[in-house]
Structure formats: C-alpha cells, structure tokens
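Everything in the sequence shown is counted per my numbering, starting at 215 for the first residue and increasing by one.
Ideal Cβ positions, reconstructed from N, Cα and C, are used throughout, including at glycine.
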Amino acid sequence: MTEQQDTMSSSYAQLIEKLLKAPTGDLEALDSPLLRLAEECLSREDPVEHWRAARILLDALAARGRFVREESSDGVRYIRTGSLESVLLLPPAGGTERFVRPIEPGLARDVLARDSSGRIEALLADLATRMPQQNLGESLARIAATVEEWLGVSSVEFYLREQDEWRSSTGAIPPPSVLANERHFLSGGDPVYVPDVRDLRESERSTLPARTGSLLLYPLRVDSDTFGIAAVFDRRVRPFSESALRAVAFLFLIAAGRVQSERRLERLIYIDPLTGAFTRRYFDEQIMRELERSERDNVPLTLAMADLDDFKTINDTHGHPVGDRALAHVCGLLIQNVRKIDLVTRYGGEEFAILLPGAPLDSSRVICERLRSEIANSPLQVGTGAGIKLTLTLSIGVACFPEHVGGSPGRDKARHELIERADAALYEAKRLGKNQV
Numbered sequence: 215m216t217e218q219q220d221t222m223s224s225s226y227a228q229l230i231e232k233l234l235k236a237p238t239g240d241l242e243a244l245d246s247p248l249l250r251l252a253e254e255c256l257s258r259e260d261p262v263e264h265w266r267a268a269r270i271l272l273d274a275l276a277a278r279g280r281f282v283r284e285e286s287s288d289g290v291r292y293i294r295t296g297s298l299e300s301v302l303l304l305p306p307a308g309g310t311e312r313f314v315r316p317i318e319p320g321l322a323r324d325v326l327a328r329d330s331s332g333r334i335e336a337l338l339a340d341l342a343t344r345m346p347q348q349n350l351g352e353s354l355a356r357i358a359a360t361v362e363e364w365l366g367v368s369s370v371e372f373y374l375r376e377q378d379e380w381r382s383s384t385g386a387i388p389p390p391s392v393l394a395n396e397r398h399f400l401s402g403g404d405p406v407y408v409p410d411v412r413d414l415r416e417s418e419r420s421t422l423p424a425r426t427g428s429l430l431l432y433p434l435r436v437d438s439d440t441f442g443i444a445a446v447f448d449r450r451v452r453p454f455s456e457s458a459l460r461a462v463a464f465l466f467l468i469a470a471g472r473v474q475s476e477r478r479l480e481r482l483i484y485i486d487p488l489t490g491a492f493t494r495r496y497f498d499e500q501i502m503r504e505l506e507r508s509e510r511d512n513v514p515l516t517l518a519m520a521d522l523d524d525f526k527t528i529n530d531t532h533g534h535p536v537g538d539r540a541l542a543h544v545c546g547l548l549i550q551n552v553r554k555i556d557l558v559t560r561y562g563g564e565e566f567a568i569l570l571p572g573a574p575l576d577s578s579r580v581i582c583e584r585l586r587s588e589i590a591n592s593p594l595q596v597g598t599g600a601g602i603k604l605t606l607t608l609s610i611g612v613a614c615f616p617e618h619v620g621g622s623p624g625r626d627k628a629r630h631e632l633i634e635r636a637d638a639a640l641y642e643a644k645r646l647g648k649n650q651v
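Structure follows, in structure tokens:
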C-alpha cells in the first residue's frame, strides 16, 4: 500500500469513528457536516485506489441505518446518501470494484425504476464485467447501442475533444458544424436539444446526417472539464419525454466517467512527466495518422528533429537536476511557440520531435528558426539570488513529406524515411556549428 493510500485509509478510519459515535440528529440532517464529509470521500476524484476503505465506510453507515443501499443480483450496487447518489460496479468475484462517478440526486433510482425491460441494468452489469478488458471505443459503442434501442433513434455518436478539435469515436459521422459553437459546451453550458432541426440555420443543418429530424447534444463533463459531446440523431421530428431524457442523461454520465478514466490512463502513457511533452509512443501513433491525413488531403507534413546542444556538458557542470530543469525549460518554450495544431514530443533523452501538419518546407523553416531564436534568447536561471543565467541552444533538422520521401512508399516506409531525413539534417546542423536550423 502506498503512503497516499495509507493516508486515505487513515482519514476514512477517522471518519468512520466519528460517524459511529455521532448523535442520530447529526446524521439525519441533510446539511450535516459529517454527512457532507462522507459524501466528499465517496466522490473523490479517483476512488478506485482506495475502494476497500470506501466499502468499510459504506458498511459502517449502513449499520447505523443512515445509508440506503439497493443491491441487485447481477452485481450492480446503487448507493445513496442524503444528497449524493453514486453507482458502484461490482464485477465477478476476484475483480476490482470501481465507482463510475457521482450521479445527479435521484437520477439513477428514477431511471432504473422505469427500466422495465432491464436493458440499462444489463448494460451496467456488462460494463462492470467487461470494462477492464474493453477499450474506450468498445465501451462507448455499447452505451450508444443501448441509447439507440432505448430511444428508438437513428444513431448515437460520441465526439471527443483532442487538440482543439472534435473527433468522432467511430468515424462514422463527421462532427456537425453545430459543434462549432463549442464555447457553449466548454464553458459549462447545458445540453442542446433540438426537437425539429428545421429551427437550425441552413449551414448547421447541411452538416447533419441525411434526413435528420431531431438532435440532442449532451456534454460529457466531469466537474468543469468538458472533454466530449454525445450526439443523438433521429430521422423523425419528435420531442423526447422527460423520462427518456433522464435515462439518456444517466447513460451519458456513465460514458463521461469511462472517458475520464481512459484519459487518466492516456496521460500516464502519453505524457512525459518531466517535460509535459507527449511521449515517443504518442509520436509513433500520431505520425502515422498525420501521414494518412497528408495523403488524403494532399497537404504537406513537416517533421523537425531538435536536440539540446551540449546537454552532457550541462549535466557534468551543473548536475542532473539542472539538466532536468533545462529539458523542461526548453520543452515549455517549444510548446508555447508552436501553432495549436503542431505536436511537440520528447523523442528521447535531450531530443524532441515536432510535427507540423500542413506546413510546407519554407514555412517550417521559418517556424523552426523562430523556435531556435526563442530558446537562445531565453536563458535558464540557475541558483538562488543573482545566480547565473544559463544560455541554452537548439539544433534542428527539418524534413517534409512528400518532398523528401522518394516514390510512393507505404505509410510505414514513409514514416521511416521522414524520420531518417530529419535526423540527418539535425546532425548536419550539429556538424556546422550547432544552434541552427
């Protein structure tokens, strides 16, 4: 058990002791400080890490009769306190319990009470069993299919926010232009429900699937972080009942929790903890996607390989902590000075790979020269007080697809050649004296 888990378990133990000794009135009041503290523990950002302590807390509360627990035979447990309702998924014996996320008060109970066919309950049980093995796309497809069946609509699509763009989780339906009003969703706006799309502007209707009659856009949001939109399309012009919308809201809250869990995992895999740049693994995936887009849209793709000059000397002279700070400093400046669509990754050691989609060679040289100049003119402060200002420089090699890739190779061969050409240009910059493009 980690030190953090020890601390969490200790705080739970103290809370449980307080709850068990508390007068009845302190627990019955909905605004009770103790009850609010209990709810806070249950709605922690990552309760998966300390679910054992959470379960002790639930059992303690239940023993005092201050906690309502409804259990179903299929292994899905619904938990409610005075003002918080959560869903706890219990997989088969030997698995790991996991909270989906806090749910709007009364929503889970109301939806499940109306679920006469048992479809939603079956979905929850299925998610509890399969979630550890399913990828995000499979989980969202399962939720989408349930919503389509529940509402009898034409299609449901999830659009996830990636690098300031909306991306379809399946690729089946491109993001409609109505998502261009992203400020509404990103600033915490409510779901958008359009019973009759004829009320939309022609420019918005034209990007919807053919013969769409009604539309529902539901933000996937945890706290204030909006990271996706669930879109419900139906061919009929129709209003949805309040109970149907509540059921959909419930399912989309589960989807939001699933996406959030995936994003946390991706951050561990794809973000370099020292510099905050994307990792080599993420670069390897993205360069293939960008090459595909470059071929499809007939636009260039430039790769810049950048290396921090004399990094070994910096480590030997000032120590590895200063070397780490130098890497983080340079990477921060790179990220601040590229375009929004560009991608900065830590390729390995003191080397960075920068993807510049849509940028021809001449424009890329200008961008990279600006990066080189910014690094050279932004010294790193070392030591306290006056200290010293450590001047850092960057050598950069640039190659462009398809200009520097011969013939019509396969995508994997094109990736290899592009990296090879950019790397060769980088070593030429080093040979010519460093601190140049």
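Practice problem: Take Ala444 as the anchor and find which of Phe464, Arg425, Tyr561 has the nearest alpha-carbon. | Solution: When only C-alpha atoms are compared, the closest one is Phe464.
Exercise. Would you tell me roughly how many angstroms separate the C-alpha atoms of Cys614 and Thr440, rounded to the nearest one?
Key: Rounded to the nearest angstrom, the two C-alpha atoms are 35 Å apart.
Practice problem: Please name the residue, chosen from Asp626, Val651, Arg510, that lies closest to Ser587 on a Cα-to-Cα basis. | Solution: Checking every option, the nearest Cα to that of Ser587 belongs to Val651.
Quiz item: Along the chain, where does the alpha helix (DSSP H) that runs through Val361 open and close?
Solution: Boundaries of the alpha helix (DSSP H) harbouring Val361: 350-365, taken from the DSSP string.
Quiz item: If we ignore side chains and look at the alpha-carbon of each, how far apart do Leu467 and Val473 end up?
Solution: Pairing Leu467 with Val473, the inter-Cα distance amounts to about 10 Å.
Quiz item: With respect to the alpha helix (DSSP H) encompassing Asp511, which residues constitute its N-terminal and C-terminal limits?
Solution: Unbroken alpha helix (DSSP H) run through Asp511: 494-511.
Quiz item: Any chance the region 579-598 sits against the region 483-498, with 3 or more Cβ pairs inside 8 Å?
Solution: With contact defined as three or more Cβ pairs closer than 8 Å, the region 579-598 and the region 483-498 are not in contact.
Quiz prompt | Asp523 versus Ser508 - alpha carbon distance | solution = When the Cα atoms are used, Asp523 and Ser508 turn out to be separated by approximately 31 Å.
Quiz prompt | Thr531 - DSSP class collapsed to helix/strand/coil | solution = In the structure shown, Thr531 sits in a helix (DSSP, three-state: H, G or I).
Exercise. Please name the residue, chosen from Val580, Pro593, Leu541, Asp486, that lies closest to Ala518 on a Cα-to-Cα basis.
Key: The residue with the shortest Cα to Cα distance from Ala518 is Val580.
Self-check item: Selection from Leu646, Phe525, Gly611, Pro616 that minimises the alpha carbon distance to Leu640
Solution: The residue from Leu646, Phe525, Gly611, Pro616 with its alpha-carbon nearest to that of Leu640 is Gly611.
Quiz prompt | CA-to-CA distance, Gly442 to Ala540, given in whole angstroms | solution = Taking the CA atoms as reference points, Ala540 sits about 35 Å from Gly442.
Quiz item: So who's on the other strand from Asp410, going by DSSP bridges?
Solution: Paired residues: none, contrary to the question.
Practice problem: Would you be able to state if there are at least three C-beta pairs under 8 Å between the region 628-637 and the region 526-536? | Solution: These segments do not touch.
Quiz item: Skipping 5 residues on each side, what residues in its chain have a beta carbon closer than 6 Å to that of Leu646?
Solution: Correct list: empty, nothing qualifies.
Quiz item: Identify the residues that DSSP records as bridge partners of Ala520: which are they?
Solution: Per DSSP, Phe566, Ile610.
Quiz item: First and last residue of the beta strand (DSSP E) that includes Leu594?
Solution: Looking at the DSSP string, the run of the beta strand (DSSP E) that includes Leu594 is 594-596.
Quiz item: Can the beta-carbon of Ile501 be found closer than 8 Å to that of Leu569?
Solution: Yes, these two residues count as a Cβ contact at 8 Å.
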